[in-house]
Amino acid sequence: MSRSALRWGILSAVLATLIWSWNFIIARSLIDSTPPVTLAFLRWSTAILLLLPFTWRSVRQSWPLARSNLRYLLITALLGVTLFNTLIYIGSQTTSALNLSLISITFPVFIVIFSALFLGRPITLRRTVGIAWVLVGILFLTTNGAPMQLLQQPLTEGDLWMLVAAILFAIYSILVRYKPKGLSNRAFLSYTFLLGWTLLTPWMIWEQTQVPWPEITTTTAGGVLYLGLFTSIASYFFWTHAVDRIGPSNAGMIYYTLPLFSGVEAWLVLGEPITLIHLLSAVAIITGILLSSEYQHSNGDTKENTKENTKGPL
(Lines of atoms letter the chains of each structure in order from A and count residues from 1; the text may use other names and numbers.)
(Lines give C-alpha, C1' and ligand atoms only; values in the text may rest on other atoms or scores of the structure.)
Protein backbone atom coordinates (compact mmCIF):
# COMPACT_ATOMS: atom_id res chain seq x y z
CA MET A 1 0.00 0.00 0.00
CA SER A 2 1.36 3.44 -0.92
CA ARG A 3 1.83 6.09 1.75
CA SER A 4 -0.74 8.25 -0.01
CA ALA A 5 -3.37 5.50 0.13
CA LEU A 6 -2.53 4.87 3.79
CA ARG A 7 -2.87 8.56 4.65
CA TRP A 8 -6.21 8.84 2.85
CA GLY A 9 -7.46 5.71 4.56
CA ILE A 10 -6.52 7.00 8.00
CA LEU A 11 -7.97 10.43 7.24
CA SER A 12 -11.24 8.85 6.07
CA ALA A 13 -11.55 6.82 9.29
CA VAL A 14 -10.85 9.92 11.39
CA LEU A 15 -13.42 11.97 9.46
CA ALA A 16 -16.08 9.26 9.83
CA THR A 17 -15.43 9.01 13.57
CA LEU A 18 -15.45 12.78 13.97
CA ILE A 19 -18.77 13.02 12.13
CA TRP A 20 -20.33 10.29 14.30
CA SER A 21 -19.09 11.94 17.49
CA TRP A 22 -21.38 14.92 16.86
CA ASN A 23 -24.43 12.65 16.87
CA PHE A 24 -24.43 12.71 20.67
CA ILE A 25 -23.83 16.46 20.87
CA ILE A 26 -26.72 17.26 18.54
CA ALA A 27 -29.01 14.85 20.38
CA ARG A 28 -28.19 16.52 23.70
CA SER A 29 -28.57 20.03 22.27
CA LEU A 30 -32.03 19.31 20.82
CA ILE A 31 -33.54 17.35 23.74
CA ASP A 32 -35.55 20.34 24.99
CA SER A 33 -37.05 21.18 21.60
CA THR A 34 -37.34 17.92 19.65
CA PRO A 35 -38.81 14.62 20.95
CA PRO A 36 -36.40 11.70 20.43
CA VAL A 37 -38.50 9.55 18.09
CA THR A 38 -39.42 12.58 16.02
CA LEU A 39 -35.73 13.52 15.81
CA ALA A 40 -34.92 10.04 14.51
CA PHE A 41 -37.81 10.26 12.03
CA LEU A 42 -36.61 13.63 10.71
CA ARG A 43 -33.05 12.33 10.46
CA TRP A 44 -33.95 9.30 8.37
CA SER A 45 -36.44 11.26 6.26
CA THR A 46 -33.66 13.68 5.36
CA ALA A 47 -31.20 10.85 4.66
CA ILE A 48 -33.65 9.05 2.36
CA LEU A 49 -34.49 12.21 0.41
CA LEU A 50 -30.79 12.91 -0.12
CA LEU A 51 -29.72 9.32 -0.85
CA LEU A 52 -32.44 7.85 -3.06
CA PRO A 53 -31.86 10.06 -6.13
CA PHE A 54 -28.37 8.53 -6.37
CA THR A 55 -29.24 4.93 -5.49
CA TRP A 56 -32.71 4.49 -6.99
CA ARG A 57 -31.46 2.56 -10.01
CA SER A 58 -29.59 0.11 -7.78
CA VAL A 59 -32.66 -0.22 -5.52
CA ARG A 60 -34.93 -0.97 -8.47
CA GLN A 61 -32.55 -3.50 -10.03
CA SER A 62 -32.10 -5.27 -6.68
CA TRP A 63 -35.83 -5.52 -5.89
CA PRO A 64 -36.26 -9.24 -6.81
CA LEU A 65 -33.35 -10.17 -4.54
CA ALA A 66 -34.55 -7.82 -1.80
CA ARG A 67 -38.10 -9.20 -1.96
CA SER A 68 -36.85 -12.76 -1.52
CA ASN A 69 -34.86 -11.62 1.53
CA LEU A 70 -37.45 -9.22 2.92
CA ARG A 71 -37.57 -10.78 6.40
CA TYR A 72 -33.81 -10.42 6.76
CA LEU A 73 -33.91 -6.80 5.58
CA LEU A 74 -36.78 -5.97 7.95
CA ILE A 75 -34.89 -7.34 10.95
CA THR A 76 -31.65 -5.54 10.09
CA ALA A 77 -33.55 -2.30 9.42
CA LEU A 78 -35.41 -2.60 12.72
CA LEU A 79 -32.18 -3.07 14.67
CA GLY A 80 -29.82 -0.76 12.80
CA VAL A 81 -32.14 2.11 11.87
CA THR A 82 -35.45 2.05 13.76
CA LEU A 83 -34.17 1.18 17.22
CA PHE A 84 -30.45 1.90 17.52
CA ASN A 85 -30.31 5.66 16.98
CA THR A 86 -33.77 6.23 18.44
CA LEU A 87 -32.62 4.67 21.71
CA ILE A 88 -29.55 6.93 21.64
CA TYR A 89 -31.83 9.95 21.36
CA ILE A 90 -34.06 8.65 24.16
CA GLY A 91 -31.00 8.06 26.32
CA SER A 92 -29.66 11.55 25.60
CA GLN A 93 -32.51 12.98 27.66
CA THR A 94 -31.07 11.69 30.93
CA THR A 95 -27.32 11.17 30.52
CA SER A 96 -24.29 13.04 29.20
CA ALA A 97 -22.88 12.95 25.68
CA LEU A 98 -19.61 11.51 26.98
CA ASN A 99 -21.42 8.68 28.76
CA LEU A 100 -23.31 7.92 25.56
CA SER A 101 -20.14 7.82 23.47
CA LEU A 102 -18.23 5.65 25.96
CA ILE A 103 -21.02 3.08 26.16
CA SER A 104 -21.56 3.15 22.39
CA ILE A 105 -18.06 1.85 21.62
CA THR A 106 -18.65 -1.33 23.68
CA PHE A 107 -20.65 -3.06 20.92
CA PRO A 108 -17.68 -5.14 19.62
CA VAL A 109 -17.55 -6.92 22.99
CA PHE A 110 -21.21 -7.89 22.67
CA ILE A 111 -20.44 -9.20 19.18
CA VAL A 112 -17.88 -11.53 20.76
CA ILE A 113 -20.38 -12.67 23.41
CA PHE A 114 -23.26 -13.29 20.99
CA SER A 115 -20.95 -15.00 18.49
CA ALA A 116 -19.99 -17.44 21.24
CA LEU A 117 -23.57 -17.99 22.40
CA PHE A 118 -25.28 -18.38 19.03
CA LEU A 119 -22.53 -19.17 16.50
CA GLY A 120 -20.37 -21.42 18.63
CA ARG A 121 -17.25 -19.29 18.37
CA PRO A 122 -14.99 -19.90 21.39
CA ILE A 123 -14.11 -17.16 23.85
CA THR A 124 -10.42 -17.35 24.72
CA LEU A 125 -8.95 -16.39 28.09
CA ARG A 126 -7.74 -13.13 26.56
CA ARG A 127 -11.22 -12.24 25.36
CA THR A 128 -12.70 -13.21 28.72
CA VAL A 129 -10.34 -10.81 30.47
CA GLY A 130 -11.23 -8.14 27.91
CA ILE A 131 -14.96 -8.60 28.47
CA ALA A 132 -14.40 -8.33 32.23
CA TRP A 133 -12.52 -5.05 31.76
CA VAL A 134 -15.33 -3.62 29.63
CA LEU A 135 -17.96 -4.63 32.18
CA VAL A 136 -15.91 -3.05 34.98
CA GLY A 137 -15.59 0.15 32.94
CA ILE A 138 -19.32 0.28 32.21
CA LEU A 139 -20.17 -0.38 35.86
CA PHE A 140 -17.73 2.29 37.05
CA LEU A 141 -19.10 4.81 34.54
CA THR A 142 -22.80 4.19 35.08
CA THR A 143 -22.54 4.23 38.89
CA ASN A 144 -20.41 7.37 38.91
CA GLY A 145 -17.51 5.49 40.43
CA ALA A 146 -19.54 3.91 43.23
CA PRO A 147 -20.60 0.38 42.18
CA MET A 148 -22.10 -0.37 45.59
CA GLN A 149 -24.82 2.22 44.93
CA LEU A 150 -26.52 -0.41 42.75
CA LEU A 151 -27.74 -1.90 46.01
CA GLN A 152 -29.54 1.36 46.81
CA GLN A 153 -30.68 2.88 43.51
CA PRO A 154 -30.94 1.87 39.84
CA LEU A 155 -28.63 2.98 37.07
CA THR A 156 -29.23 6.19 35.14
CA GLU A 157 -32.03 5.55 32.65
CA GLY A 158 -30.09 7.13 29.78
CA ASP A 159 -27.08 4.88 30.36
CA LEU A 160 -29.33 1.82 30.29
CA TRP A 161 -30.96 2.90 27.01
CA MET A 162 -27.51 3.40 25.47
CA LEU A 163 -26.40 -0.02 26.70
CA VAL A 164 -29.47 -1.62 25.10
CA ALA A 165 -28.69 0.28 21.88
CA ALA A 166 -25.11 -1.06 21.88
CA ILE A 167 -26.37 -4.61 22.37
CA LEU A 168 -28.87 -4.25 19.51
CA PHE A 169 -26.19 -2.86 17.22
CA ALA A 170 -23.97 -5.83 18.03
CA ILE A 171 -26.74 -8.17 16.87
CA TYR A 172 -27.21 -6.01 13.76
CA SER A 173 -23.47 -6.18 13.01
CA ILE A 174 -23.52 -9.98 13.18
CA LEU A 175 -26.50 -10.11 10.81
CA VAL A 176 -24.82 -7.77 8.32
CA ARG A 177 -22.14 -10.42 7.78
CA TYR A 178 -24.85 -12.56 6.17
CA LYS A 179 -26.03 -9.91 3.72
CA PRO A 180 -27.47 -11.61 0.61
CA LYS A 181 -24.87 -12.17 -2.08
CA GLY A 182 -25.48 -9.92 -5.05
CA LEU A 183 -27.03 -7.11 -2.99
CA SER A 184 -24.73 -4.11 -3.34
CA ASN A 185 -23.79 -1.98 -0.35
CA ARG A 186 -25.69 0.97 -1.83
CA ALA A 187 -28.85 -1.06 -2.32
CA PHE A 188 -28.55 -2.60 1.14
CA LEU A 189 -28.08 0.84 2.71
CA SER A 190 -31.09 2.23 0.83
CA TYR A 191 -33.36 -0.68 1.74
CA THR A 192 -32.42 -0.54 5.42
CA PHE A 193 -33.04 3.21 5.45
CA LEU A 194 -36.44 2.84 3.76
CA LEU A 195 -37.64 -0.12 5.83
CA GLY A 196 -36.29 1.31 9.08
CA TRP A 197 -38.02 4.62 8.37
CA THR A 198 -41.27 2.79 7.58
CA LEU A 199 -41.13 0.89 10.88
CA LEU A 200 -40.29 4.12 12.72
CA THR A 201 -43.23 6.11 11.31
CA PRO A 202 -46.02 4.59 13.49
CA TRP A 203 -43.85 5.16 16.57
CA MET A 204 -43.38 8.80 15.58
CA ILE A 205 -47.13 9.24 15.00
CA TRP A 206 -47.82 7.81 18.46
CA GLU A 207 -45.24 10.15 20.00
CA GLN A 208 -46.98 13.11 18.38
CA THR A 209 -50.15 12.22 20.30
CA GLN A 210 -48.15 12.66 23.51
CA VAL A 211 -46.04 15.73 22.73
CA PRO A 212 -46.38 18.60 20.24
CA TRP A 213 -44.55 18.70 16.92
CA PRO A 214 -41.26 20.57 17.44
CA GLU A 215 -40.84 24.13 16.28
CA ILE A 216 -38.48 24.04 13.31
CA THR A 217 -35.87 26.64 14.21
CA THR A 218 -32.56 27.26 12.48
CA THR A 219 -30.85 25.15 15.15
CA THR A 220 -33.29 22.27 14.71
CA ALA A 221 -33.08 22.37 10.91
CA GLY A 222 -29.29 22.53 10.98
CA GLY A 223 -29.07 19.64 13.43
CA VAL A 224 -31.43 17.46 11.41
CA LEU A 225 -29.61 18.27 8.16
CA TYR A 226 -26.29 17.32 9.76
CA LEU A 227 -27.72 14.03 11.04
CA GLY A 228 -29.31 13.19 7.71
CA LEU A 229 -26.47 14.22 5.40
CA PHE A 230 -23.28 13.70 7.37
CA THR A 231 -24.01 11.21 10.16
CA SER A 232 -26.16 8.95 7.97
CA ILE A 233 -24.59 9.25 4.50
CA ALA A 234 -21.21 11.00 4.30
CA SER A 235 -19.79 9.03 7.22
CA TYR A 236 -20.81 5.79 5.52
CA PHE A 237 -18.77 6.59 2.43
CA PHE A 238 -15.78 7.78 4.50
CA TRP A 239 -15.93 4.61 6.60
CA THR A 240 -16.28 2.32 3.59
CA HIS A 241 -13.28 4.02 1.97
CA ALA A 242 -11.28 3.64 5.20
CA VAL A 243 -12.11 -0.06 5.54
CA ASP A 244 -11.18 -0.61 1.90
CA ARG A 245 -7.85 1.23 2.25
CA ILE A 246 -6.57 0.24 5.69
CA GLY A 247 -8.78 -2.70 6.66
CA PRO A 248 -11.50 -3.05 9.31
CA SER A 249 -9.06 -3.70 12.16
CA ASN A 250 -7.09 -0.47 11.69
CA ALA A 251 -10.27 1.51 11.04
CA GLY A 252 -11.77 0.00 14.19
CA MET A 253 -8.83 1.16 16.29
CA ILE A 254 -9.41 4.72 15.09
CA TYR A 255 -13.14 4.42 15.84
CA TYR A 256 -12.35 3.87 19.52
CA THR A 257 -11.21 7.51 19.73
CA LEU A 258 -14.87 8.55 19.36
CA PRO A 259 -15.31 9.36 23.10
CA LEU A 260 -12.30 11.67 22.91
CA PHE A 261 -13.99 13.73 20.19
CA SER A 262 -17.41 13.64 21.88
CA GLY A 263 -15.96 14.54 25.27
CA VAL A 264 -14.16 17.62 23.97
CA GLU A 265 -17.17 18.66 21.87
CA ALA A 266 -19.55 18.23 24.82
CA TRP A 267 -17.24 20.28 27.01
CA LEU A 268 -16.95 23.08 24.44
CA VAL A 269 -20.56 23.17 23.20
CA LEU A 270 -22.67 21.87 26.09
CA GLY A 271 -20.47 22.70 29.04
CA GLU A 272 -20.47 19.08 30.20
CA PRO A 273 -17.46 18.28 32.42
CA ILE A 274 -14.84 15.62 31.75
CA THR A 275 -14.21 13.95 35.11
CA LEU A 276 -11.66 11.48 36.47
CA ILE A 277 -14.42 8.85 36.45
CA HIS A 278 -14.84 9.35 32.69
CA LEU A 279 -11.10 8.96 32.12
CA LEU A 280 -10.75 5.84 34.27
CA SER A 281 -13.85 4.28 32.68
CA ALA A 282 -12.50 5.05 29.21
CA VAL A 283 -9.19 3.33 30.03
CA ALA A 284 -10.99 0.22 31.30
CA ILE A 285 -13.45 0.05 28.39
CA ILE A 286 -10.90 0.63 25.62
CA THR A 287 -8.43 -1.80 27.22
CA GLY A 288 -11.16 -4.42 27.35
CA ILE A 289 -12.18 -3.83 23.75
CA LEU A 290 -8.60 -4.18 22.51
CA LEU A 291 -8.15 -7.41 24.46
CA SER A 292 -11.42 -8.96 23.32
CA SER A 293 -11.31 -7.76 19.72
CA GLU A 294 -11.25 -10.36 16.95
CA TYR A 295 -8.47 -8.43 15.32
CA GLN A 296 -5.96 -9.16 18.03
CA HIS A 297 -5.31 -12.71 16.85
CA SER A 298 -4.16 -11.89 13.34
CA ASN A 299 -1.26 -9.97 11.85
CA GLY A 300 -3.61 -8.68 9.19
CA ASP A 301 -7.23 -8.59 8.27
CA THR A 302 -8.63 -12.08 8.08
CA LYS A 303 -11.25 -13.22 5.63
CA GLU A 304 -13.80 -12.99 8.43
CA ASN A 305 -12.71 -9.47 9.26
CA THR A 306 -13.40 -8.31 5.73
CA LYS A 307 -17.06 -9.11 6.33
CA GLU A 308 -17.30 -6.59 9.17
CA ASN A 309 -20.13 -4.09 9.02
CA THR A 310 -19.12 -1.12 6.89
CA LYS A 311 -22.24 0.90 7.51
CA GLY A 312 -20.78 2.21 10.74
CA PRO A 313 -22.35 2.39 14.16
CA LEU A 314 -24.19 5.71 14.13
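Heads up: the sequence shown begins at 13 in this note's numbering, then just goes up one per residue.
Think of the CB as a built atom: it goes at the ideal place given N, C-alpha and C, for glycine as much as any other residue.
This one's a predicted model, so the numbers in the text were calculated from it and none came from an experiment.
> Leaving out the 5 sequence neighbours to the left and right, which residues in its chain are closer than 7 Å to Ala356 when beta-carbon positions are compared?
Replying inline: Past the edges of the chain, shown from 13 to 326, lies residue 356, and the structure says nothing about it.
>> Excluding the 5 residues flanking Phe122 on each side, which residues of the same chain have their C-beta closer than 7 Å to its C-beta?
In response: Translated into the one-based positions of the sequence shown, residue 122 becomes position 110. Cβ neighbours of Phe122 beyond the five flanking positions: Ala178, Ile179, Ala182.
> With distances taken from CA atoms, which of Trp251, Ser304, Ala128 is nearest Leu326?
Replying inline: Indexing the sequence shown from 1 puts residue 326 at position 314. Nearest of Trp251, Ser304, Ala128 to Leu326, Cα basis: Trp251.
>> Nearest by alpha-carbon distance to Leu186: which of Val26, Pro120, Leu291 is it?
In response: To locate residue 186, count along the sequence shown from 1; it is residue 174. One detail in the question is off: residue 186 reads as Ile in this sequence, not Leu. Among Val26, Pro120, Leu291, the Cα nearest to that of Ile186 is on Pro120.
> Apart from the five residues on each side of it in sequence, which residues of its chain come closer than 8 Å, Cβ to Cβ, to Ser104?
Replying inline: Against the sequence shown, residue 104 aligns to sequence position 92. Correct list, in chain order: Phe36, Ala39, Arg40, Ile43, Pro48, Leu112, Gly170.
> Does the beta-carbon of Lys193 have 16 or more other beta-carbons within 10 angstroms, so that it is buried, or is it exposed?
Replying inline: Translated into positions along the sequence shown, residue 193 becomes position 181. Looking at its Cβ environment, which holds fewer than 16 other Cβ atoms inside 10 Å, Lys193 is exposed.
> So which of Gly240, Phe152, Leu137 has the shortest CA-CA distance to Phe205?
Replying inline: For the purposes of this step, residue 205 is taken as the residue at position 193 of the sequence shown. Residue Gly240 is the option with its Cα nearest to Phe205.
> Ends of the alpha helix (DSSP H) at Ile117?
Replying inline: For the purposes of this step, residue 117 is taken as residue 105 along the sequence shown, with counting starting at 1. Run containing Ile117: none; DSSP gives neither H nor E here.
> What is the DSSP secondary structure of Asp256, counted as helix, strand or coil?
Replying inline: Taking the first residue of the sequence shown as 1, we reach residue 256 at position 244. Correct three-state label for Asp256: helix.
> Which parts of the segment 47-80 are runs of the alpha helix (DSSP H), unbroken and 4 residues or longer, counting only runs that do not cross its ends?
Replying inline: 48-73, 75-80
> In terms of residue numbering, what span does the alpha helix (DSSP H) encompassing Tyr184 cover?
Replying inline: Looking up residue 184 in the sequence shown gives position 172. Per DSSP, Tyr184 belongs to the alpha helix (DSSP H) from 169-188.
>> Spatial neighbours of Pro271 within its chain, please: C-beta separation below 7 Å, excluding the five flanking residues on both sides.
In response: The residue labelled residue 271 in the question sits at position 259 within the sequence shown. Excluding residues within five positions, the ones whose Cβ falls inside 7 Å are Leu110, Ser113, Leu114, Ile117, Ala294.
> In this structure, does DSSP put Ile228 in helix, strand or coil?
Replying inline: For this step, residue 228 is matched to residue 216 along the sequence shown. Residue state, collapsed to three classes: coil.
> Taking the alpha-carbon positions, what's the Ala28 to Leu137 distance?
Replying inline: For the purposes of this step, residue 28 is identified with residue 16 of the sequence shown, where counting begins at 1. For the purposes of this step, residue 137 is identified with residue 125 of the sequence shown, where counting begins at 1. One C-alpha to the other measures close to 32 Å.
> If you run the structure through DSSP and keep just helix, strand and coil, what is Tyr203?
Replying inline: Here the question's residue 203 lines up with position 191 in the sequence shown. Tyr203 falls in the helix class under three-state DSSP.
> So, helix, strand or coil for Leu91, using DSSP?
Replying inline: What you label residue 91 is simply residue 79 of the sequence shown in a count that begins at 1. Here Leu91 sits in helix by DSSP.
> Would you call the CB atoms of Gly157 and Gly300 closer than 8 Å?
Replying inline: As a first step, residue 157 is located in the sequence shown; it is residue number 145 there, counting from the start. As a first step, residue 300 is located in the sequence shown; it is residue number 288 there, counting from the start. Contact flag unset, no.
> Exposed or buried, what is Tyr190 when buried is set at 16 or more other beta-carbons lying within 10 Å of its beta-carbon?
Replying inline: As a first step, residue 190 is located in the sequence shown; it is residue number 178 there, counting from the start. Answer is exposed; the Cβ neighbour count stays below 16.
> Could you give the C-beta distance for Glu219 and Thr50, rounded to a whole number, given that I count them as a contact under 8 Å?
Replying inline: Working through the sequence shown from its first residue, we reach residue 219 at position 207. Working through the sequence shown from its first residue, we reach residue 50 at position 38. Contact holds; Cβ gap of about 6 Å.
> Near Ala296, what residues of its chain come up, given a Cβ to Cβ distance below 8 Å and the 5 sequence neighbours on each side ignored?
Replying inline: As a first step, residue 296 is located in the sequence shown; it is residue number 284 there, counting from the start. Contacts found: Trp145, Val146, Val148, Gly149, Phe152.
> Since Ile298 contacts Tyr267 with CB under 8 Å, what's their CB separation in whole angstroms?
Replying inline: The sequence position of residue 298 within the sequence shown is 286, counting from 1. The sequence position of residue 267 within the sequence shown is 255, counting from 1. About 11 Å separates the two Cβ atoms, so there is no contact after all.
>> Can you tell me whether Ile217 is buried or exposed? The criterion is at least 16 other CB atoms within 10 Å of its CB, across all chains shown.
In response: Locating residue 217 in the sequence shown gives position 205, counting from the first residue. With fewer than 16 other Cβ atoms within 10 Å, it is exposed.
> Count the other CB atoms within 10 Å of the CB of Lys315; is the residue buried (16 or more) or exposed (fewer)?
Replying inline: Locating residue 315 in the sequence shown gives position 303, where the first residue counts as 1. Any reading at Lys315 needs caution, since the residue's pLDDT is 42, under 50, leaving its predicted position unreliable; the model's value is listed next. Looking at its Cβ environment, which holds fewer than 16 other Cβ atoms inside 10 Å, Lys315 is exposed.
> To the nearest angstrom, how far is it from the Cα of Val223 to the Cα of Ser45?
Replying inline: On the sequence shown, position 211 is the one that residue 223 refers to. On the sequence shown, position 33 is the one that residue 45 refers to. C-alpha separation (whole angstroms): 11 Å.
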